[in-house]
Amino acid sequence: MSMSIRLVRIDDRLIHGQVATVWAKLAKVNHILVVSDEVAKDHLRKTLLKQAAPLGVQANVIPVSKMIEIYPDSRFDGFKAMLLFTNPTDVERVVKGGVKIESVNIGGMSFSEGKRMITNAVAVNQADVAAFSYLDEQGIQLEVRKVAADSRVLLMPLLRKNQMV
Numbered sequence: 087m088s089m090s091i092r093l094v095r096i097d098d099r100l101i102h103g104q105v106a107t108v109w110a111k112l113a114k115v116n117h118i119l120v121v122s123d124e125v126a127k128d129h130l131r132k133t134l135l136k137q138a139a140p141l142g143v144q145a146n147v148i149p150v151s152k153m154i155e156i157y158p159d160s161r162f163d164g165f166k167a168m169l170l171f172t173n174p175t176d177v178e179r180v181v182k183g184g185v186k187i188e189s190v191n192i193g194g195m196s197f198s199e200g201k202r203m204i205t206n207a208v209a210v211n212q213a214d215v216a217a218f219s220y221l222d223e224q225g226i227q228l229e230v231r232k233v234a235a236d237s238r239v240l241l242m243p244l245l246r247k248n249q250m251v
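First residue of the sequence shown: 87, per this note's numbering; consecutive thereafter.
Below you can see the structure in the form of structure tokens.
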């Protein structure tokens, strides 16, 4: 047995109102794991994220290597976890490290230099597209849904339509 991963979400806002309440309830999680080397080094951001978790849900911020290390550990079998990432490259790293993921929900990836908007909430660059392509090749479903009420939009057809793959 291993940790039960109920939801994997990429959202660079990480734990905010939507995630904390709606997604955590829908996925019936008892742990939110923010998986990010960058955020794990940021003490203030870590503290704020832990405080943002909804009642009854424990939040932790861990580097990518720690996620790979704890995933097969039986001490974490009771975890019904939501994994939150800021980018698809980190998701690719945990998958290559042996973490079993069936689908990824892409919530928000903000626009920055060198990125292209493919929906009103998702901007990608070539590194993101490469990571998403790898995840797609592993049979992992990639869906864009900013909020739980939105209808699912599959990512790969969107990337193809934008001539990015």
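Ideal placement from N, C-alpha and C gives every residue a C-beta, glycine not left out.
On a predicted model such as this, the values are computed, not experimentally measured, just so you know.
Would you call residue i buried or exposed, if buried means 16 or more other Cβ atoms sit within 10 Å of its Cβ?
i           : result
residue 246 : exposed
residue 165 : buried
residue 188 : exposed
residue 193 : buried
residue 203 : exposed
How many angstroms separate the CA atom of residue i from the CA atom of residue j?
i           : j           : result
residue 171 : residue 121 : 5 angstroms
residue 233 : residue 104 : 7 angstroms
residue 118 : residue 158 : 17 angstroms
residue 138 : residue 244 : 32 angstroms
residue 238 : residue 127 : 33 angstroms
residue 146 : residue 113 : 17 angstroms
residue 124 : residue 160 : 27 angstroms
residue 198 : residue 106 : 25 angstroms
Which first and last residues belong to the alpha helix (DSSP H) in which residue i is found?
i           : result
residue 135 : 129-138
residue 219 : 212-223
residue 201 : Here residue 201 belongs to no alpha helix (DSSP H), and DSSP marks it neither H nor E.
Give me the Cβ distance between residue i and residue j, rounded to the nearest whole Å; I'm assuming they're in contact under 8 angstroms.
i           : j           : result
residue 195 : residue 213 : Residue 195 to residue 213, Cβ: 12 angstroms. No contact.
residue 115 : residue 168 : 4 angstroms
residue 180 : residue 150 : 6 angstroms
Can you tell me whether residue i is helix, strand or coil according to DSSP?
i           : result
residue 186 : coil
residue 193 : strand
residue 237 : coil
residue 165 : coil
residue 123 : helix
residue 155 : helix
residue 90  : strand
residue 170 : strand
residue 98  : coil
residue 144 : strand
residue 113 : helix
residue 73  : Residue coverage of the chain in this structure runs from 87 to 251, which leaves residue 73 outside it and unanswerable.
Measure from the C-beta of residue i to each C-beta in chain D and report whether the shortest distance is under 8 angstroms.
i           : result
residue 220 : Absent here is chain D; the protein component of the structure consists of one chain.
Which first and last residues belong to the beta strand (DSSP E) in which residue i is found?
i           : result
residue 208 : Unbroken run through residue 208: none, as it is neither H nor E.
residue 230 : 227-230
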